[in-house]
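One structure is given here, and the rest of the page talks about it.
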Amino acid sequence: EAGVAQSPRYKIIEKRQSVAFWCNPISGHATLYWYQQILGQGPKLLIQFQNNGVVDDSQLPKDRFSAERLKGVDSTLKIQPAKLEDSAVYLCASSLGGGDNQPQHFGDGTRLSIL
Amino acid sequence: ILNVEQSPQSLHVQEGDSTNFTCSFPSSNFYALHWYRWETAKSPEALFVMTLNGDEKKKGRISATLNTKEGYSYLYIKGSQPEDSATYLCAFRLGGSYIPTFGRGTSLIVHP
Numbered sequence: 081e082a083g084v085a086q087s088p089r090y091k092i093i094e095k096r097q098s099v100a101f102w103c104n105p106i107s108g109h110a111t112l113y114w115y116q117q118i119l120g121q122g123p124k125l126l127i128q129f130q131n132n133g134v135v136d137d138s139q140l141p142k143d144r145f146s147a148e149r150l151k152g153v154d155s156t157l158k159i160q161p162a163k164l165e166d167s168a169v170y171l172c173a174s175s176l177g178g179g180d181n182q183p184q185h186f187g188d189g190t191r192l193s194i195l
Numbered sequence: 033i034l035n036v037e038q039s040p041q042s043l044h045v046q047e048g049d050s051t052n053f054t055c056s057f058p059s060s061n062f063y064a065l066h067w068y069r070w071e072t073a074k075s076p077e078a079l080f081v082m083t084l085n086g087d088e089k090k091k092g093r094i095s096a097t098l099n100t101k102e103g104y105s106y107l108y109i110k111g112s113q114p115e116d117s118a119t120y121l122c123a124f125r126l127g128g129s130y131i132p133t134f135g136r137g138t139s140l141i142v143h144p
């Protein structure tokens with residue numbers, strides 16, 4: 081089966097600019113996650129979707145971050161405006177379900193550098 | 033904020049050595065623990081999902097144990113190979129929560 085697809089792989093922008101990341105989960109996976117992984121730390125969940133609904137976004141900085149999964153398949157994560165501390169790897173993952181214990185399947189991530 | 037600790041932070045071993053590392057998590061209201069392997073320039077790969085106290089899981093030379101009463105899981109690698117070099121992450125889920133909390137990972141380097 082095709083894995084989780086993410087783009088772009090790398091992005092360099094200046095602070096106060098905007099950026100968007102795209103994720104296409106594994107076909108049939110209802111649950112989609114966006115994580116932020118800052119160097120030296122573990123991945124931190126930003127938002128979790130079940131189909132096209134938000135299950136949890138308690139750790140998403142909503143003043144500058146937004147995410148959508150309009151048709152319950154692919155998803156976009158946007159940062160507007162970016163700050164220096166947003167430099168991180170942004171990982172997308174999907175699983176069959178969220179409430180059960182299916183393992184998550186991760187994409188290769190987008191490495192974001194803010195200048 | 034949940035405290036999920038992994039130790040050691042990094043580990044260098046020789047090819048053929050066996051090694052193990054630890055993931056510690058809150059011992060109350062346990063739901064599940066996941067182990068992932070993350071090789072450089074690749075995506076994290078699921079290794080194990082552990083849900084029951086006393087669980088032991090095995091995949092080739094890698095195995096894991098779970099003690100929910102004392103709040104820890106061990107990951108063992110028998111006869112380490114250079115291709116085992118990666119960061120090993122654990123993720124803890126609390127009962128009633130959808131949010132997985134990841135540890136910082138253990139970076140393993142196996143020298144040929």
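First to last, the sequence lines map onto chains A and B. Counting with this note's numbering, you get residues 81 to 195 for the letters of the first sequence. Counting with this note's numbering, you get residues 33 to 144 for the letters of the second sequence. A virtual CB, placed ideally from N, CA and C, is assigned to each residue, including glycine. Bear in mind that the values here come from a model prediction, so they are computed numbers and not experimental data.
Flag this pair as yes or no: are the beta carbons of residue 57 (chain B) and residue 36 (chain B) separated by less than 8 Å?
A contact, by the Cβ cut-off of 8 Å.
Against chain A, which members of the segment 127–141 of chain B pass a CB distance test of less than 7 Å?
The residues in question are 130, 131, 132, 134, 135, 136 and 137.
Look at the alpha carbon of residue 125 (chain A) and the alpha carbon of residue 100 (chain A), and state the distance between them as a whole number of angstroms.
Approximately 17 Å, taken between the alpha carbons.
Following the continuous beta strand (DSSP E) through residue 96 (chain A), name the residue where it begins and the one where it ends.
Premise fails: residue 96 (chain A) is in no beta strand (DSSP E) and is neither H nor E.
Cα-Cα, which of B:34, B:39, B:38 and B:47 is closest to residue 117 (chain B)?
The candidate whose alpha carbon is nearest that of residue 117 (chain B) is B:47.
Determine, using beta carbons only, whether residue 169 (chain A) and residue 187 (chain A) come nearer to each other than 8 Å.
Result no, Cβ atoms of residue 169 (chain A) and residue 187 (chain A) do not sit closer than 8 Å.
What residues in the segment 75–97 of chain B bring their beta carbon closer than 7 Å to a beta carbon of chain A?
So the list reads 75, 76, 78, 81 and 83, given in the order they occur along the chain.
Please tell me whether residue 118 (chain B) has its Cβ less than 8 Å away from any Cβ of chain A.
Not closer than 8 Å to any Cβ of chain A, the Cβ of residue 118 (chain B) fails to qualify, so no.
If you run the structure through DSSP and keep just helix, strand and coil, what is residue 132 (chain B)?
Strand.
Leaving out the 5 sequence neighbours to the left and right, which residues in its chain are closer than 6 Å to residue 90 (chain A) when beta-carbon positions are compared?
So the qualifying residues of the chain are 191.
Identify whether residue 102 (chain B) lies in helix, strand or coil by the three-state DSSP scheme.
The answer is coil: DSSP assigns residue 102 (chain B) none of H, G, I, E or B.
Please report whether the beta-carbon of residue 44 (chain B) lies at a distance below 8 Å from any beta-carbon of chain A.
Chain A, which has no Cβ nearer than 8 Å to the Cβ of residue 44 (chain B), makes this no.
With three or more beta-carbon pairs closer than 8 Å as the criterion, would you say the segment 127–134 of chain B touches the segment 48–55 of chain B?
In short, these stretches do not touch, since the Cβ pair count stays below three.
Helix, strand or coil for residue 176 (chain A)? Go by DSSP, reduced to three states.
In this structure, residue 176 (chain A) counts as coil in the three-state DSSP scheme.
Evaluate the contact criterion for the segment 94–107 of chain B versus the segment 65–81 of chain B: three or more CB pairs, one atom per stretch, below 8 Å.
A contact exists between the segment 94–107 of chain B and the segment 65–81 of chain B.
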